[in-house]
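In the UniProt record's numbering, the protein residues as written are 1 to 136. Don't be surprised by glycine CBs; every beta carbon is placed ideally from N, CA and C. Predicted model, so just to flag it, every value in this text is computed and none were measured.
This is the structure in structure tokens:
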């Protein structure tokens, strides 16, 4: 996580879910990101109960995610790895944003205070540097 912090901390784009802070205390590791109250693309696509996600929202999400990936390439950032529907988040206005790290279990503030298990070991980096023999 210490290697992830400087890279993720420098990322700023209107379509990224920004990292607000981090805490490394003892064995506990915690990344704090902007709250995205409208869930993930995965939940909207695969876990819908009443109605599927509208096509306009799907296309807008794909366009904005492509915009963030283009930003990461043009700014010389490490390549984005492991793109999936759980990393596409929606803000309060329904605008799609891409998470710059992968929370395997995300907590809302009230849920974190109620949970005894620390999610710190469940964070993995998304922007990573590959070794020279794996670069294209």
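Contact belief for residue i with residue j at Cβ below 8 Å, rounded distance in angstroms
i, j, result
"residue 81", "residue 17", "Going by Cβ atoms, the distance from residue 81 to residue 17 rounds to 16 Å, so no, they are not a contact pair."
Option in the options with minimal Cα separation from residue i
i, options, result
"residue 90", "73, 69, 25, 58", "58"
"residue 93", "68, 43, 53, 38", "38"
"residue 86", "77, 99, 74", "99"
"residue 15", "36, 47, 43", "36"
"residue 83", "75, 95, 66", "66"
"residue 32", "19, 25, 43", "19"
Quick one: complete beta strand (DSSP E) runs, 3+ long, within the stretch 7-87? 19-25, 28-33
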